[in-house]
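K.L.:
First the structure, then my questions, so here it is.
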Ligand code: GUN
Ligand code: ZN
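In my numbering, the protein residues as written are 17 to 473.
This is how it looks when you write it as C-alpha cells:
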C-alpha cells in the first residue's frame, strides 16, 4: 500500500447490489450516515466502515470531513456527443431532420483544430460540472478534434472512452471517410491514447445508416488491432431511421444484425437508444453481452419514442443512462434518471416502476458495468477507485431544505433525483484526485496551464 492516506468522513449512498435483481433486498441502495473511507494516494479505497471504527484503526490518516454534503459515486454517462455541446436545446424535430439542420452543420466546424480545442474545453467542463467522472463519448469525424478531446480529458484526469466517428455515406461530404482512412486514423489515435491515464479507445461508426459494410468491416479490423478497445454506435432510435437501414441492408435479419454480422457486438459494446427493438434483436444483444445506453431526455426531445426498459431487462440486456448531449437536454445524469422515472411511470403497465435506488444504480454502477469498468468504479466499496461527487446544495434551495428534513434515506435520495443539478455538485474526485472543488472545475495533471478555472454552475 502507498504512503499517504486520506480518511473521508461523509454521509454516503451507493448501490453495490443491483436493485433490479429480485434477490436484492429493499431499498436497493446502501446508505451510511457517518461513513469512513480510507483512500490511498493511488486513489484506491483501502478501508470502509463506520467512521469511528476506520479512524481508530488508521490514526495517522488525515481526516477530511464532508458531512456538510452528501457523497455519491461519480456519475457515469454512457452516451454523450463531444461536438454537440453548442446544439443542446434545439427542440421540435425528429432525429433525421435534427441531424441535418442542427447536429451535422455544427459537427463540420470541428474540422478546425482551434475550434475543436475550444469545444473540447466546453465539453469536458460540462461533464465535470455535472459530476460525471466516467463517460463513453461519441467523438468527432475529424482525428485532430478527437486528439483535442482526449488531451482535455487527460488534463482533468477524467475516465473517458472515445474515438473517431466514421461514416462513408448519407452525411455531408466533409464528414465522410473511406474504409482504409477510417482504419488508419483510428489506429493512429488508439496508439496515442488507448490505455493512457484513464483513457480508452472506442471504435465508433456513427450508425449503420451512414456506414457501409466495408466501413463496418474496417471497424472490426480496428478492434482486432487494438486490444481492449470498446465499440459504440446507435441503433433503433427512430422509425424512419430503422426503415432506411432495413432498405440499405436487405440481407441482414434486422438493425442489430448490421453490427453483429461484422462481430462488432460483445461485452465491449454499448449501443445507444434501442427504442424500437424486436425480440430477436434483444436476444442477440443479450447473447453478446452488449449494453444499451438509455437516453430519456433525448428520446423525449426528438420524439423518438418510449424506451422499453422492461423488455430489455426481461431479455437480460444490460442498461445504463446516457445524456446524449446535444439531442439530450444537458449533461446532468440526475436529470436523465428523473426523466427515466417519469417516462417509465407514464408507460403504465408497459413501464418499469423505478425507485430512488434504481435511479442511483442506473446513474452509477450500471454505467460502470456497461463500460466494463464494474471492478474499478461505480460504487464506494473497498478496492474500488475513489470516484465520487459531493452534493452540497446552496443554503435555502429546495434541495437543501429537502435534504435537511427528509425523514428516511429513501426520501433523501428521491429528493436528489428530483432536485439536484450542476449547481449542487460542489466537489468531484476521480481516482482520488479532486477535479472540482466548491463548484469550480480544475485540471489535475502536470500538463495543466496554471490558474485555469471554469465556473461550474
Ligand atoms: N444517430 C446518428 N447520429 C446521431 C446523433 O448525433 N444523435 C442521436 N441522438 N442519434 C444519432
Ligand atoms: Zn447519440
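Heads up, the beta-carbon is just placed ideally off N, CA and C, and yes, glycines get one too.
Might you give, ordered along the chain, the residues of its own chain that have their beta carbon closer than 7 Å to the beta carbon of residue 277, omitting 5 neighbours on each side?
P.N.:
Counting only Cβ-Cβ distances below 7 Å, and skipping sequence neighbours, we find 268.
K.L.:
Is residue 237 closer than 8 Å to residue 275 when the C-beta atoms are compared?
P.N.:
Result no, Cβ atoms of residue 275 and residue 237 do not sit closer than 8 Å.
K.L.:
By the three-class DSSP mapping on this structure, what secondary structure does residue 471 have?
P.N.:
With a pLDDT of only 33 at residue 471, under the threshold of 50, the placement of this residue in the model should not be trusted, and no figure is reported.
K.L.:
In whole angstroms, what is the alpha-carbon distance linking residue 357 and residue 290?
P.N.:
A direct Cα-to-Cα measurement between residue 357 and residue 290 gives close to 18 Å.
K.L.:
Could you say which of 317, 23, 82 and 355 lies nearest to residue 435 if we only look at CA atoms?
P.N.:
355
K.L.:
When you compare the stretch 443–454 with the stretch 165–174, are there three or more beta-carbon pairs, one atom per stretch, that lie closer than 8 Å?
P.N.:
Touching, per the Cβ criterion.
K.L.:
Using C-beta distances below 7 Å, list every residue in its chain close to residue 133, excluding the 5 sequence neighbours before and after it, in chain order.
P.N.:
164
K.L.:
With the cut-off set at 8 Å, would you say residue 387 and residue 177 are in Cβ contact?
P.N.:
yes
K.L.:
Report the rounded CA-to-CA distance for residue 314 versus residue 304, giving the unit in angstroms.
P.N.:
26 Å
K.L.:
Give every residue of the same chain whose Cβ lies closer than 6 Å to the Cβ of residue 45, excluding the five residues on either side of it in the sequence, and list them in chain order.
P.N.:
29, 31, 373 and 376
K.L.:
Taking the straight line between their C-alpha atoms, what separation do you get for residue 26 and residue 50?
P.N.:
6 Å
K.L.:
Taking 7 Å as the cut-off, does the CB of residue 474 come closer than this to any heavy atom belonging to the ligand GUN?
P.N.:
Here the chain covers residues 17 to 473 and nothing more, so residue 474 does not appear.
K.L.:
Thinking just about the alpha-carbon of each residue, which of 91, 108 and 100 is nearest to the one in residue 155?
P.N.:
100
K.L.:
Per DSSP, which one or two residues make a beta bridge with residue 246?
P.N.:
218
K.L.:
Tell me which same chain residues have a C-beta within less than 7 Å of the C-beta of residue 201, skipping the five on either side of it?
P.N.:
159 and 180
K.L.:
Under three-state DSSP, which class holds residue 102?
P.N.:
Note: residue 102 maps to helix in three-state DSSP.
K.L.:
If you check the beta carbons only, do residue 396 and residue 64 fall under 8 Å apart?
P.N.:
In this structure, residue 64 lies closer than 8 Å to residue 396 by Cβ.
K.L.:
Using DSSP with H/G/I as helix, E/B as strand and the rest coil, what is residue 33?
P.N.:
coil
K.L.:
Quick check on residue 259: buried or exposed, where buried means 16 or more other Cβ atoms within 10 Å of its Cβ?
P.N.:
exposed
K.L.:
Report back the beta-carbon spacing between residue 433 and residue 145 to the nearest angstrom; my notes put them in contact at under 8 Å.
P.N.:
Contact flag wrong, Cβ pair sits at about 18 Å.
K.L.:
With a 10 Å radius around its C-beta and 16 neighbouring C-beta atoms as the bar for buried, classify residue 340 as buried or exposed.
P.N.:
buried
K.L.:
Please state whether DSSP places residue 464 in a helix, a strand or coil.
P.N.:
Residue confidence for residue 464 is low, a pLDDT of 44 falling below 50, so the modelled location carries little weight; the figure read from the coordinates is stated next. Residue 464: coil per DSSP, three-state reduction.
K.L.:
Taking contact to mean at least 3 C-beta pairs separated by less than 8 Å, is the stretch 238–257 in contact with the stretch 278–285?
P.N.:
yes
K.L.:
Comparing the CB of residue 237 with every heavy atom of the ligand ZN, is any distance shorter than 7 Å?
P.N.:
no
K.L.:
With contact counted as at least three CB pairs below 8 Å, one residue from each stretch, are the stretch 146–153 and the stretch 88–102 in contact?
P.N.:
Contact between the stretch 146–153 and the stretch 88–102 is present, because at least three Cβ pairs lie under 8 Å.
K.L.:
For the ligand GUN, which residues count as neighbours when the test is a C-beta closer than 6 Å to any heavy atom?
P.N.:
97, 111, 115, 119, 222, 223, 250, 253, 314, 340 and 343
K.L.:
Should residue 292 be counted as a contact of the ligand SAH given a C-beta to heavy atom distance under 7 Å?
P.N.:
Inclusion of the ligand SAH in the displayed structure is not the case, the ligand content consisting of the ligand GUN and the ligand ZN alone.
K.L.:
Starting from residue 142, trace the alpha helix (DSSP H) in both directions and tell me its first and last residue.
P.N.:
129–145
K.L.:
Compute the minimum distance between the beta carbon of residue 218 and the heavy atoms of the ligand ZN, and state whether it is under 7 Å.
P.N.:
no
K.L.:
I'd like to know whether the C-beta atoms of residue 302 and residue 333 end up nearer to each other than 8 Å.
P.N.:
yes
K.L.:
Residue 319 to residue 66, Cα distance in whole Å?
P.N.:
Each residue's Cα considered, the two are about 47 Å apart.
K.L.:
Measuring straight from C-alpha to C-alpha, what distance separates residue 42 and residue 203?
P.N.:
46 Å
K.L.:
With a threshold of 7 Å (Cβ to nearest heavy atom), would residue 95 be considered close to the ligand ZN?
P.N.:
yes
K.L.:
So, for residue 460: in the same chain, excluding its five sequence neighbours on each side, which residues have a beta-carbon less than 7 Å away from its beta-carbon?
P.N.:
172, 173, 449 and 451
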